Amino acid sequence: MPGIAASQGIAYGQIFVYLQSDVEVPSYLVEPEKRIDEVARFDRALVMTRQQISKIMNEVEKNIGPEEAGIFDAHLMVLEDEALIGETIREFESTGRNIETCFHKVSSRYVQAFSEIDDEYLRERAGDLRDVAQRVLHNLLGQAENSLNRLADQRIVVASDISPSESATLDRSAALALVMDSGSKTSHAVIVARSMKIPSVVGVRNLTAKVTNGDWAIVDGYDGVVILNPSESTLFRYGKIQEQKKSFEARLLEVNRQPAVTLDGVTVSLMANIEKSEEVTKARTYYAEGIGLYRTEFLFLNTARIPSEQEQFIAYKTVVEAMAPLPVVIRTLDLGGDKPMAGKTDLFPKENNPFMGFRAIRFCLEHPEIFKDQLRAILRASTYGKVKLMYPMISGSEELARANAVLAECIAELKAKGVAFDADMEVGTMIEIPSAATTADLLAEQCAFFSIGTNDLIQYLLAIDRVNDRIAHLYEPTHPAILRTLRYVVAEAHKRKLPVSVCGEMAGDPIFAPLLLGLGIDCLSMSPSWLPSVRYLIRAMTMADARALATQALGMSSPKEIYALCDAFYRQRVRMD
Ligand code: PEP
Ligand code: MG
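According to this note's numbering, the sequence shown is numbered sequentially starting from -18.
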């Protein structure tokens, strides 16, 4: 079945269908003589859910801390809620419908009622209630293991879609591959899969409806295909391809420690993108020369409350110390858009067009208390190594000036209290909105570096929602509009001696890396696991050829032809066999 090749690699194994929050609940009448059993079944599901939550609570307490474990108290309380349980039983007695249907109906009514209350604490209870209700339903439906962070065994995960917060819980050791009905190459679940080197194919329409748990499949993340119940000969063919790719990967790792220097002697700076502090180990393993993008919003996802300044300081300090003396570019919060904070509907009200909405720096400037906590935490962490700070989604020079003014306030506060920070910390701007790109000359006056977020820049320049699979084929990084914009930003930055990096997914794709370097990009920042492929390619090409490639591409009009040119450049220099 065809889809979009989202993360390279091949996997063969059994499918695990991940049911999203909205579980499909079957509805049927229960025969009168089986009604006692039905109530007993409900009791068992409640007990099982309680045991599961207590187990998670113990693990969280052991691995993270008692305060975080306390969050699950609220979950346990839901299971003891007389009103919820009593109403479910009464609904069952009056309708005779299966207990899942009754529980789903009653719990949904409660969730709805809580989420409409004008009180933050009670609204948050709606999130707890929804989580627990899903767990009870999974248990009733015999799908207790349906959780992304505890796969029973090694499995190919098939889902209709996975949110960024869900993807952050993906069990790295057990997920053989990730396949989604929807999604695109730059949706966050895919970025996470790619960073974990998990093969992924997305946009496979209705796959979740066509497969069941335990089906066998091959996932080909190179060509973007999923083959259900493959024949012996197909398995043999894919086995051969897999062997070839494995030996190629081994070759890549041989140059892992070598510097990224082109054949004509130009050194390229290669950095890593991370979302969690644990990923610094990977960045170190693949010899990243620093962290080029630390997506700090992941500290805020999967948590019931906003992390305090101190908690953030500890997280940033851990990364900064682990990378020192190499630089760490800490990006301020990019919440909203495809990364809203779960359950915080007061901070992130539902929007019709979230990617164009209340997101990133727009959110921070309207919530200075949250923004300032983060800025102070970053400043404090700056004395433990080399920190650079970067704002996401800047749209123009006034917005950048406002952000810098808040930063200046934080600096003054710390100075007044005698708290140490690096007074020379560089501040940079992401270029990911067309208006920022076209005013790069103005922005350059107010910051020390640019980092181009091609994931968003492409979506906004081409008006292609980056997570909409229906138009994913139109999401073309080689569109002349992108190339011309990159050329302009680099020229304006270099005129003022500002370095420019790219930290979008384009940077880690060996097909696009030479084009970016040829356009004058100084540094590429990518998921750590892609560093070896890009390093290998850089060592096999000349910068003169990369410049010629960019010049030729800039003279062309068709995105597909430019892509073919880049692809040929790559294949002429890197052979898999
Ligand atoms: C980008 O937009 O390219 C980027 C790096 O930011 P994010 O993917 O987190 O939006
Ligand atoms: Mg972005």
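For each residue, glycine too, the CB sits at the ideal point set by N, CA and C.
Predicted model only: the values in this text are computed from it and were never measured.
*Does the beta-carbon of Asp109 have 16 or more other beta-carbons within 10 angstroms, so that it is buried, or is it exposed?*
buried
*With DSSP as the reference, label Ala198 as helix, strand or coil.*
strand
*Integer Cβ distance of Val261 from Met304, believed to fall under 8 Å*: 6 Å
*If you draw a straight line from the alpha carbon of Leu424 to that of Leu500, how long is it in whole angstroms?*
20 Å
*Which word fits Ser(-12), buried or exposed, when buried means at least 16 other C-beta atoms lie within 10 angstroms of its C-beta?*
buried
*Determine the contact status of Val575 and Gly164, defining contact as a CB-CB distance below 9 Å.*
One cannot answer for residue 575 here, as it falls past the ends of the chain, which runs -18 to 558.
*For Cys504: DSSP bridge partner residues*: Ser250, Ser482
*Residue range of the alpha helix (DSSP H) that includes Arg175*: 169 to 176
*Using CA coordinates, which residue listed in Lys398, Cys345, Glu332 is at the minimum distance from Arg312?*
Cys345
*So what does DSSP say about Thr82, is it helix, strand or coil?*
helix
*asked:* Within the continuous beta strand (DSSP E) that includes Ala(-14), where are the two ends?
replied: -15 to -12
_Rounded distance between the beta-carbons of Ile(-4) and Asp201, thought under 8 Å_ = Not confirmed; about 15 Å, so no contact.
*Using the Cα positions of Ala362 and Arg516, report the straight-line distance between them to the nearest angstrom.*
30 Å
*Counting only the same chain and skipping the five closest in sequence on each side, list residues whose C-beta sits under 7 Å from that of Ser378.*
Thr420, Leu423, Leu424, Gln427
*Is the stretch 526 to 541 touching the stretch 457 to 464 in the sense that three or more CB pairs, one from each, lie closer than 8 Å?*
yes
*Over the uninterrupted beta strand (DSSP E) stretch that includes Met371, give me the two end residues.*
367 to 372
*asked:* Suppose contacts are defined by Cβ-Cβ distances below 9 Å. Is Arg31 in contact with Leu60 by that definition?
replied: yes
*Counting Cβ pairs closer than 8 Å, one from the stretch 384 to 399 and one from the stretch 429 to 440, do we hit at least three?*
no
*Would a C-beta distance cut-off of 9 Å place Gly409 and Lys369 closer than the cut-off?*
yes
*Going straight from the alpha carbon of Leu307 to that of Asp403, what length do you get?*
15 Å
*Among Phe229, Thr69, Phe95, which has the Cα closest to the Cα of Lys325?*
Phe95
*Should Tyr9 go down as buried or exposed, given a rule of 16 or more other Cβ atoms within 10 Å for buried?*
exposed
*How should Glu97 be labelled, buried or exposed, when 16 other C-beta atoms within 10 angstroms of its C-beta is the threshold for buried?*
exposed
*State the Cα-Cα distance for the pair Ala140 and Thr284, rounded to the nearest angstrom.*
23 Å
*With DSSP run on the structure shown, which of helix, strand or coil describes Gly434?*
coil
*Glu350 and Phe339: beta carbons closer than 9 Å?*
no
*From this set, Ala155, Val387, Lys178, which residue's C-alpha is nearest Arg343's C-alpha?*
Val387
*Which residues in the same chain have their Cβ closer than 6 Å to the Cβ of Phe73, if we skip the five residues on either side of it in sequence?*
Ile80, Cys83
_My assumption, with CB atoms under 8 Å, is that Val173 sits in contact with Ser144. Please give the rounded CB distance._
Their Cβ separation, rounded to whole angstroms, is 11 Å, which puts Val173 and Ser144 out of contact at 8 Å.
*State the DSSP-derived secondary structure class of Ala549, mapped to helix, strand or coil.*
helix
_Please report the distance separating the alpha-carbon of Ala125 from that of Ile37._
Residue confidence for Ala125 is low, a pLDDT of 49 falling below 50, so the modelled location carries little weight; the figure read from the coordinates is stated next. The alpha-carbon atoms of Ala125 and Ile37 are separated by roughly 14 Å.
_What I want to know is whether the C-beta of Pro509 ends up closer than 8 Å to one or more non-hydrogen atoms of the ligand MG._
no
*Nonlocal neighbours in the same chain, by C-beta distance under 7 Å from Ser88, ignoring five residues either side*: Leu65, Leu110, Ala114
_Helix, strand or coil for Gln440? Go by DSSP, reduced to three states._
helix
*asked:* Can you determine whether any heavy atom of the ligand PEP sits closer than 8 Å to the C-beta of Glu292, and answer yes or no?
replied: no
*Ignore the nearest five residues each way along the sequence and tell me which others in Tyr544's own chain have a CB closer than 7 Å to its CB.*
Thr459
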